[in-house]
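Residue numbering for the sequence shown follows full-length UniProt numbering, starting at 1 and increasing by one per position.
Ideal placement from N, C-alpha and C gives every residue a C-beta, glycine not left out.
It should be emphasised that the depicted structure is a prediction, and the values quoted were computed from it without experimental measurement.
Data block below; observations after.
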Amino acid sequence: MNPYAKLTFSLSLMLGTTITISSNHWMAAWTGLEINTLAIIPLISKSHHPRAIEAAIKYFLVQAAASTLLLFSSMINAWHTGQWDITQLNHPTSSLLLTTAIAMKLGLVPFHFWFPEVLQGSPLTTAMLLSTVMKFPPITILLLTSHSLNPTLLATMAIASAALGGWMGLNQTQIRKILAFSSISHLGWMSIVLIYNPKLTLATFYIYCTMTGAIFLTLNTTKSFKLSTMMTSWTKTPVLNTTLMMTLLSLAGLPPLTGFLPKWLIIQELSKQEMTAPATIIAILSLLSLFFYLRLAYYSTITLPPNPTNLMKQWHANKPASTLIAALSSMSTLLLPLSPMILALI
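Structure below.
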């Protein structure tokens, strides 16, 4: 892709995200979401592979439908209340439509079907953007309207997302699809606590973005797309693969790694709100996700390939791992001792 075109699309992504997260008016938020959608489509389809084109078309259709619902929701609310302010979402039909629209934007169950397919057809860097940056504007809208949303509906969608993300990830061999179902599962954790503690949802999202960013950038460095290629990548970058294993275990939520913190805080918050049953269910469902994270971690470092590789053991990668990967991986694994400071900030 032309560097100037890539720069234009990247700046448009930043612009769209900034417009949406800083807006109070529904039309401004909708405009930012549209700019984001139009900017990411060329990045999805830049390889010109039929699968990439298919992913771009699927993404466009789903996001266009979600944007239409969001606009429809805001117009119904404005018609009944005379308010275009995002925080003044008072009409129940508007609230239901908005929940549907944002669930489609994020890939929450039952509107998750597009997400694994689009991620599988995208390059790894674009897949990272779809899993992290592109989810920030819809989550911001959810935070601004959290007081108006239906708690039962959100809790049901959250538990369904955690269950489906865990179940569907079990039999995948494509790493991008596994990470897509991982994202759906994590969105369930964020959604279930949204109404009770929106700041905790945002903190969980930040930590999730850090861990997912580190994993995608590492996979992009080792060029691992399937479990079978992951098994042989240790010969090129043993240290990077060991770091990848730690980051995957952190994403699974195992102590004493960073990923344990949001799960611990969410279960604590749900217990305070007397939602012991949903907290127990979502904690048990996280064991499903733990299985495929452990499988990924096992493949990345512990398992030898079934046949000896023809490659010589290379103790240095062809290109050194970037400082960004080092920083993100460190944050993904070592932040738990700083939890008192993180708690003070949220």
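- Taking C-alpha positions only, residue 299 is separated from residue 182 by approximately 17 Å.
- The residue from 143, 211, 38, 118 with its alpha-carbon nearest to that of residue 24 is 143.
- In this structure, the CA atom of residue 225 is about 15 Å from the CA atom of residue 171.
- When rounded, the separation of the alpha-carbon atoms in residue 247 and residue 110 is 28 Å.
- Annotation for residue 325: the continuous alpha helix (DSSP H) segment containing it runs 323 to 334.
- Only exposed fits residue 2, as fewer than 16 other CB atoms lie within 10 angstroms of its CB.
- The three-state secondary structure of residue 88, taken from DSSP, is coil.
- When the beta-carbon positions are compared, residue 346 and residue 266 stay at least 8 Å from each other.
- In terms of CA proximity to residue 58, 107 leads the group 83, 283, 107, 152.
- Here DSSP, grouped into helix, strand and coil, assigns residue 48 to coil.
- In this structure residue 253 is not in contact with residue 211, their Cβ atoms being roughly 10 Å apart against a cut-off of 8 Å.
- In its chain, beyond the 5 residues on either side, 255, 256, 257, 258, 260, 261 have a beta carbon closer than 8 Å to the beta carbon of residue 336.
- Straight-line spacing of the CA atoms in residue 67 and residue 223 works out to 34 Å.
- For residue 220, the enclosing alpha helix (DSSP H) covers residues 198 to 222.
- Per DSSP, the continuous alpha helix (DSSP H) segment holding residue 186 begins and ends at 175 to 192.
- Counting along the chain, the unbroken alpha helix (DSSP H) around residue 272 starts and ends at 260 to 272.
- For residue 329, same chain residues with a beta-carbon under 6 Å away, outside a window of 5 residues either side, are 214, 243, 247 in chain order.
- Between residue 41 and residue 13, the C-beta spacing is not below 8 Å.
- Between the beta-carbon of residue 282 and that of residue 189 there is about 7 Å, and that keeps the pair under the 8 Å contact cut.
- In this structure residue 46 is not in contact with residue 120, their Cβ atoms being roughly 15 Å apart against a cut-off of 8 Å.
- With contacts defined by Cβ atoms closer than 8 Å, residue 86 and residue 26 form a contacting pair.
- Separation of residue 69 and residue 82 (C-alpha to C-alpha, rounded to the nearest whole angstrom) is 19 Å.
- With respect to the 8 Å criterion, residue 90 and residue 148 are classified as neighbours on the basis of their beta carbons.
- Under the three-state reduction of DSSP, residue 236 is assigned to coil, being neither helix nor strand.
- Looking at the DSSP output, residue 25 shares a beta bridge with 85.
- The C-alpha of residue 234 lies about 6 Å from the C-alpha of residue 241.
- Inclusion of residue 231 and residue 303 in the CB contact set at 8 Å is warranted, their separation being smaller than that value.
- Of the residues assessed, residue 79 falls on the exposed side of the cut-off, its CB having fewer than 16 other CB atoms within 10 angstroms.
- Take residue 293, set aside five residues on each side of it, and the residues of its chain with a beta-carbon closer than 7 Å to its own are 248, 249, 251, 252, in chain order.
- Residue 226 has 174 as its beta-bridge partners, per DSSP.
- Around the CB of residue 340, fewer than 16 other CB atoms lie within 10 Å, so the residue is classed as exposed.
- For residue 151, the closest C-alpha among the options 203, 129, 95, 184 is that of 95.
- Residue 113: not part of any alpha helix (DSSP H); DSSP gives it neither H nor E.
- For residue 113 and residue 124, the gap between their C-alpha atoms comes out near 19 Å.
- Contact annotation: residue 73 and residue 98 have beta-carbon atoms nearer than 8 Å.
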